[in-house]
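Novice: If you scroll down you'll find the structure; I have some questions about it.
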Amino acid sequence: MSRFIAVIHGWHVYSNGFSIHELEASIAEEAKKEASWLKSLREDDFDKCAYTVIEIENTEHLSRRLTWRERINGKLN
């Protein structure tokens, strides 16, 4: 069984940074819906957002932060 992480990026004229959330969903479709909902909470009139959902295994544990490439591509190296 997999777990999912959502990476949300916000920007206006410049980047407002990334926020990382562990999702409760157990399947990819639910994870995308949950990430979309989190994105809509962060979005504002002039602050736009995008999200990526990353699937990880239950046994997998990263002892480091995600790289820029992993955040953008949604895949772990």
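If you're matching positions, the sequence shown starts at 656 in the numbering used here and goes up one per residue.
All residues carry an ideal CB built from backbone N, CA and C; glycine is no exception.
All values reported here derive from a predicted model rather than from experimental measurement.
Considering only C-alpha positions, which residue in the set I663, S657, M656 is nearest to K703?
Specialist: Per the Cα distances, I663.
Novice: Go ahead and label F659 buried or exposed: buried means 16 or more other beta carbons lie within 10 angstroms of its beta carbon, across all protein chains shown.
Specialist: Flag for F659 reads buried.
Novice: Let me confirm a value: L678 is counted as buried when at least 16 other C-beta atoms fall within 10 Å, else exposed. Which label applies?
Specialist: Classification for L678: buried.
Novice: Suppose you measure from the CA of F673 to the CA of G665; what does that come to, to the nearest Å?
Specialist: Taking the straight line joining both Cα atoms gives about 7 Å.
Novice: Am I right that H667 and L693 are in contact with their C-beta atoms under 8 Å? What's the rounded C-beta distance?
Specialist: Rounded, the Cβ-Cβ distance is 18 Å, inconsistent with contact.
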